[in-house]
Amino acid sequence: MAVTQFEPAYARQCFPCWDEPSFKAKFNITLLDVPSELVTLSNMPVDVEVLDGNRKTVYYQESPVMSTYLVAVVIGLFDYIEDHTPDGIKVRVYSQVGKANQGKFALHVALKTLGFYKDYFQMPYSLPKLDMVAIPDFAFGAMENYGLVTYSEKDLLFDDQHSAAANKQRVATVVAHELAHQWFGNLVTMEWWTDLWLNEGFATWMSYMAKDKLFPEWKIWTQFFDHESSEGLRLDGLAESHPIEVEVNHASDIDEIFDTISYKKGASIIQMLKGYVGGPHFQNSLATYIKRHAWSNARTNDLWAVLKEECNEPTIDKIMNSWTKQEGYPVLSVKMKNQTLEIKQSQFLYAGSHDRCRWIIPITYCCGDYDSLISLLMEKKSETYDIKDLLSNITDPARSWIKLNVEQIGFFRVKYDDGLAAKLRYAIEHKCLSVTDRLGILDDSFALCMAREMSLTSLLTFMKAYREDLEHTVLSNLIKIIGKIERIVADARPELMNYIKQFFIGLLLPAAANFGWDPKQGESHLDAMSRGDIFTALAVLGHEETINEANSRFNAFLNDRNTPLLHPDIRKAAYVAVMQKVTSSNKAGLESLLKVYRETDLSQEKTRILGSLASCPDESVVYEALNFALSSEVRKQDAVFALAVSKEGREVAWKWLKNNWDKIRTTYGSGLLLTRFVGPIVSSVCVPVFASSDKMKEIGKFFGNKTQASMVRTLKQSMEQIYINSKWVQTIRNDKDLAEAVKKLANK
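Laid out in structure tokens, this is it:
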């Protein structure tokens, strides 16, 4: 198979060109001397195909004007399935021979999504065909080449028998994202990489619009905060973040900005802006923007100009520049005094908030119920709001709460005074708040704890309010927080680990009992995803009953790959549980997992197994698992899935990275995949691995003369995270109330 990947600046390696997004051209592609049995694809349909014995020359129709990075060619042996949109666009899904049926779900999503985008943007898809191709070796999730979208197999193919609910949602997400690019990116292209977020932020946000239209039962907007905003807030809470509109001065700088800021923060401020101007105004503005700049290029200011006109909001650019031209975001400190809300903004940083920046903030709040929603624009450092009229009718204690940032629409955090926080906890326990608001309060509380503005004792006590919460997004966030706290406490107060684990297991067991191991008839998509998450977390926490049951089901699976006892939704949990019992002297579980890995040809199954191997508590097994990731049995782009290392294995993982760095650098060059080896093993906002100044010095010394241009920012962010972890550890060690509180929570 031969596949091109030209974004961001690699078309110049294939043909002479002005390889920048603003230099658009029409392309006439010809493929010469191709073996006649191979399928050949490009952006446009075939014009003429000339056979010469067992070779052929293929001429393609001329393309409309487009940027060089969107030109594409694919050659190989493929099966395909096809269908047409109501207006005659031919849509095909290509896969390796024998896998055509696995493309059915993606084809369904593509057909429906093209129709939805046509209506939403008031502009039809602009090419006569759309091909989507599953590529076995592919470094990215997908690439939006005009009319010829390439995908990694796991992000396009779905196996009804062996793929999990999470895989199904992932396929829908990636397809909807790439098809949004056919308008935002391909039809209208950013003028320069500084405005990459116009491509990626909008494609991310539009994918939620499409999924909500196609699968309303997924409640996808309740997942937006957990998957997008929360992740954006985490990275943007570092001093080593960057503005959405970031200066790009050289081709080598571009790779680094395909990151959480461009995608997730970009999508989040779009959601905030839509909430501020209103959905219909926003949709009309985007349609006008697309029409005005079709077949051309645009900058961020061009979007603001359209929004100012369509929404009659002359200060849109002033408001939004405070979010796109400076890095970071605010935390709003909220106090109640004499029925007056006092709100003060400062920049949130995990290393310590300060007053360097100001934002113009669209704020919403409600008191006691969601009928009393108030919207306002905060422009000053601090402001006060009289709310006695809102409070005057509230007599029920359960309705005396006040919630800022309703439904988490705004890209900021909120810190409440003790009285307001206590009322919110009561409201959470009594299910008075929406799913997204419960999730947002939990996420903010954890962030404030990591930033040392809330004690771990207070956070753990607050987390107890979520013990009966069964909503997928809340559980997902809770599990992430549990994993991070467990790692930090292991450094700060190892003598409390057993109590901490007991408390966390107690938090999760009600959900485990509710969902059970087996699918229930008619259960929701979200419940199916929660089942796997819950049992995976319990296995990592060492819950013996979970580990034993999972191992029993895995053994049944070894005897019969089609057994109903190991549904795809719980396979990752079972694989992790198997690895909890593996030791250097008993590797039977590891060998069984590798047997399954070698027998399956489903990419999603392989990555599930890879993501489980290093969860083993035995250091020597972790080292062996990491070596396997670099072996010829693992596709190069999949090696990073094996970097989910147990807390016991972090030192040996660091040793492995040092020993193999030259090989990794040679194999992965200077691309995006290289940076993905750093965070999981060194430290990142998602995985707090190390937490000492000595380790920070050691890592800095090692990478001193080994840093590639594409990984400079990633390494700086990892080093900053270690510094933040070290300060957090010290604060936890000084928390005099922690031991008694944890023991009480564990016993309850």
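Read in UniProt numbering, the sequence shown has 313 at position 313, and its numbers run on one by one without any break. Backbone N, C-alpha and C define an ideal beta-carbon position, used for all residues, glycine too. As the structure is a prediction and not an experimental result, all values here were calculated from the model.
Delimiting residues of the alpha helix (DSSP H) encompassing Thr436 = It spans 435 to 450 - the alpha helix (DSSP H) in which Thr436 sits, taken as one unbroken run.
Nearest to Met497 by CA position, among Leu31, Ala746, Asp33, Gly232, is which residue?
-> The shortest Cα separation from Met497 among Leu31, Ala746, Asp33, Gly232 belongs to Ala746.
Between which two residues does the beta strand (DSSP E) containing Gln347 stretch?
-> Start and end: 340 to 347.
Beta-carbon spacing of Val74, Val3 below 8 Å | It is a contact, given that the beta carbons lie within the stated cut-off.
Test item: CB-CB of Val685 and Leu235 under 8 Å = Yes; because the gap between Cβ atoms is below 8 Å, this pair is in contact.
Straight-line Cα distance separating Lys168 from Asp212 | So the alpha carbons of these two residues sit roughly 14 Å apart.
From this set, Thr563, Glu486, Ser592, which residue's C-alpha is nearest Leu538's C-alpha?
-> Proximity to Leu538 across Thr563, Glu486, Ser592 peaks at Glu486, based on C-alpha coordinates.
Could you pull out every unbroken alpha helix (DSSP H) segment of at least 4 residues lying fully inside the stretch 464 to 528, listed in chain order?
-> List check, alpha helix (DSSP H) in window: 472 to 492, 497 to 515.
From the DSSP output, in three-state form, read off Pro680 for me.
-> Looking at Pro680 - three-state DSSP - the assignment turns out to be helix.
At what residues does the alpha helix (DSSP H) containing Asn321 begin and finish?
-> Segment 316 to 324, the alpha helix (DSSP H) holding Asn321.
Going by C-alpha distance, which of Leu373, Arg55, Glu383, Phe690 is nearest Leu391?
-> Here the closest residue by C-alpha is Leu373.
According to DSSP, is Asn659 helix, strand or coil?
-> The answer is helix: DSSP assigns Asn659 an H, G or I state.
Around the Cβ of Leu738, are there at least 16 other Cβ atoms within 10 angstroms (buried) or fewer (exposed)?
-> With 16 or more other CB atoms across the displayed protein chains lying within 10 angstroms of its CB, Leu738 is buried.
Test item: CB-CB of Ala267 and Val188 under 8 Å = It is not a contact, given that the beta carbons lie outside the stated cut-off.
Identified DSSP bridge partners for Glu228 = Beta-bridge partners of Glu228 (DSSP): none assigned.
From Pro64, Thr40, Leu157, Ile505, residue whose alpha carbon lies closest to that of Gly98 | Looking at Pro64, Thr40, Leu157, Ile505, the one whose alpha-carbon comes closest to that of Gly98 is Leu157.
Can you tell me whether DSSP reads Val689 as helix, strand or coil?
-> The three-state secondary structure of Val689, taken from DSSP, is coil.
Sub-8 Å separation of Val622 and Gly649 beta-carbons = In contact: Val622 and Gly649 (Cβ atoms closer than 8 Å).
Are the Cβ atoms of Gly103 and Ile81 separated by less than 8 Å?
-> Going by C-beta atoms, Gly103 is nearer than 8 Å to Ile81.
Does the count of Cβ pairs from the stretch 401 to 414 and the stretch 434 to 453 closer than 8 Å reach three?
-> A contact is defined here as three or more CB-CB pairs under 8 Å, and the stretch 401 to 414 meets this definition with respect to the stretch 434 to 453.
If we count the other Cβ atoms within 10 Å of its Cβ and call it buried at 16 or more, is Phe6 buried or exposed?
-> Residue burial is scored here from C-beta neighbours: Phe6 has at least 16 other C-beta atoms within 10 angstroms and is therefore classed as buried.
With a cut-off of 8 Å, do at least 3 Cβ pairs link the stretch 325 to 336 to the stretch 208 to 226?
-> Judged by Cβ distances under 8 Å, the stretch 325 to 336 makes no contact with the stretch 208 to 226, as fewer than three pairs qualify.
For Phe6, name the three-state secondary structure that DSSP assigns.
-> Shown here, Phe6 sits in coil according to DSSP, grouped into three states, outside any helix or strand.
Nearest CA to the CA of Lys388: which residue from Trp18, Gly522, Lys112, Gln339?
-> The shortest C-alpha to C-alpha distance from Lys388 to any of Trp18, Gly522, Lys112, Gln339 is the one to Gln339.
Cα separation between Lys265 and Ser63?
-> Rounded to the nearest angstrom, the two C-alpha atoms are 33 Å apart.
Can you tell me which of the three DSSP states Gly278 falls into?
-> Correct three-state label for Gly278: coil.
Helix, strand or coil at Pro21 [DSSP, three-state] | Correct three-state label for Pro21: coil.
Within the same chain, show all residues whose beta-carbon is closer than 6 Å to that of Ser693, passing over the 5 residues directly before and after it, in chain order.
-> For Ser693, where only same-chain residues beyond five positions count, the Cβ hits under 6 Å are Ser726.
Expected contact under 8 Å - CB spacing of Ile482 and Trp728 to nearest Å | Ile482 to Trp728, Cβ: 16 Å. No contact.
Out of curiosity, what's the CA-to-CA distance linking Arg635 and Asp155?
-> About 15 Å.
In this structure, does DSSP put His162 in helix, strand or coil?
-> Correct three-state label for His162: coil.
From this set, Ala614, Leu566, Met143, which residue's C-alpha is nearest Ser584's C-alpha?
-> Checked all of Ala614, Leu566, Met143; the closest Cα to Ser584 is Ala614.
Look at Tyr329 and Phe348 and say whether their C-beta atoms are less than 8 Å apart.
-> One thing to note: Tyr329 has its Cβ within 8 Å of the Cβ of Phe348.
Cβ-Cβ distance between Thr194 and Glu240 below 8 Å = For the 8 Å CB-CB criterion, Thr194 and Glu240 do not form a contact.
Nearest CA to the CA of Leu507: which residue from Leu478, Gln182, His525, Thr315?
-> Residue Leu478 is the option with its Cα nearest to Leu507.
Below 8 Å CB to CB, which residues in the same chain sit around Glu651 once its five sequence neighbours on both sides are set aside?
-> Within the same chain, Glu619 come within 8 Å of Glu651 by CB-CB distance, once the 5 residues on both sides are set aside.
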